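**Student:**
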Amino acid sequence: MKKTILFILLLLSATILKSQSFTSKDWKVMDNELTTTLTFTKSEIQKIQGFSFNSVWDNQLSYSSNLGYYGGIAELHILKMNNEIQTLYNFKDNIGLGQIVLTFYDYNMDGAIDFTVPIECGQSCYFKYYLFNLKSQKFEHQKEWDYLRIQRINRKKKLIITQPDGSSKTGEQILYQINQDKLIKLKVINY
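Here the sequence shown is numbered in this note's numbering, starting from 2 and rising by one per residue.
(1) Let me know if D27 comes out buried or exposed under the rule of 16 or more other beta-carbons within 10 Å of its beta-carbon.
(2) Based on Cα-Cα distance, which residue from Q124, K188, K139 lies nearest to G167?
(3) According to DSSP, is S44 part of a helix, a strand, or is it coil?
(4) Taking DSSP as the reference, what is the three-state secondary structure of W58?
(5) Considering just the uninterrupted stretch of the beta strand (DSSP E) at G73, what are its terminal residues?
(6) Who are the Cβ neighbours of L35 in its own chain at under 6 Å, not counting the five residues just before and after it?
(7) Would you tell me roughly how many angstroms separate the C-alpha atoms of S66 and G97, rounded to the nearest one?
(8) Is the Cβ-Cβ distance between F133 and D115 less than 8 Å?
(9) Within its chain, find whatever has a CB closer than 7 Å to the CB of K187; leave out the 5 residues flanking it on each side and keep chain order.
(10) Got a sec, what are the start and stop residues for the beta strand (DSSP E) L149 sits in?
(11) Assess contact between the region 77-88 and the region 148-161, defined as three or more Cβ pairs (one per stretch) separated by less than 8 Å. Is contact present?
(12) Rounded C-beta distance between L62 and K93? I'm assuming under 8 Å.
(13) Leaving out five residues before and five after P165 in sequence, what residues of the same chain have Cβ atoms less than 6 Å from its Cβ?
(14) Please return the same chain residues whose Cβ sits closer than 6 Å to the Cβ of N84, not counting the five positions on each side in sequence.
(15) Which residues mark the beginning and the end of the beta strand (DSSP E) in which P119 is found?
(16) Is the CB-CB distance between E145 and L103 below 8 Å?
(17) In this structure, how does DSSP classify N33 when only helix, strand and coil are distinguished?
(18) Rank S56, T40, G51, Y127 by C-alpha distance to the C-alpha of T163 and give the top, closest one.
(19) Here's the rule: buried if 16 or more other CB atoms are within 10 angstroms of the residue's CB, otherwise exposed. What is Y192?
(20) With I86 and K159 assumed to form a contact (beta carbons below 8 Å), what rounded beta-carbon distance in angstroms separates them?
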């Protein structure tokens with residue numbers, strides 16, 4: 002009898018752990034998703050999915066006392082179907098590599114392409130998110146998304162689970178629901 006109860010408890014624990022591991026077929030590992038990157042190191046035009054990104058590079062935009070000046074994009078003119086829709090300013094090279102990398106993906110799962118720009122990189126990289134607003138037809142910086150590190154996504158239910166934050170023994174992950182461009186915190190998962 003005790004063995005049966007122990008077996009049932011172990012089975013129940015495994016089921017609960019598996020349900021919280023977000024491994025169902027609807028969940029996709031973000032690192033395995035198809036993204037596109039554009040790397041800017043000078044003034045140039047690069048294109049992706051009907052958009053043109055015309056960068057105006059400034060070698061003295063970013064400064065560090067130990068590296069000196071190392072540049073960035075002073076102006077980023079964005080064109081859609083050859084019509085300029087907006088200009089974004091001052092993408093500083095906060096990492097100090099002499100380049101700005103834009104990573105494109107439909108982060109808010111609305112069918113439009115969005116992009117990220119690195120804020121900083123150490124052991125992990127953190128990003129600013131620019132989500133394409135279908136109404137205004139412009140990329141809008143979503144401050145509430147800053148520093149978001151996505152581990153898995155569920156496109157069917159518009160859910161995101163963050164990378165674990167903490168140590169290998171203790172920490173947390175956050176489950177978000179996406180509502181248009183907003184992140185709605187559904188649950189904090191402690192481990």
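Yeah, the Cβ is synthetic: ideal placement off N, Cα and C, and Gly gets one too. Treat the numbers as computed from the prediction; the structure is a model and nothing was measured.
**Tutor:** By the coordinates alone:
(1) Answer is exposed; the Cβ neighbour count stays below 16.
(2) Q124
(3) Reduced to three states, the DSSP call for S44 is coil.
(4) strand
(5) 73-81
(6) Taking C-beta separations shorter than 6 Å and ignoring five residues to either side along the sequence, L35 has no partners in its chain.
(7) 12 Å
(8) Taking 8 Å as the Cβ cut-off, F133 and D115 qualify as a contacting pair.
(9) Looking at the sequence itself, residue 187 is Leu, so the reference to Lys does not match. Answer for L187: L176, Y177, Q178, listed in chain order.
(10) Looking at the DSSP string, L149 is not in any beta strand (DSSP E), and its letter there is neither H nor E.
(11) no
(12) Their Cβ separation, rounded to whole angstroms, is 6 Å, which keeps L62 and K93 in contact under 8 Å.
(13) G172, Q174
(14) none
(15) 115-122
(16) Result no, Cβ atoms of E145 and L103 do not sit closer than 8 Å.
(17) helix
(18) Y127
(19) Per the 10 Å Cβ criterion, exposed.
(20) For I86 against K159, the beta-carbon gap comes to about 25 Å, at or over 8 Å, which does not count as contact.
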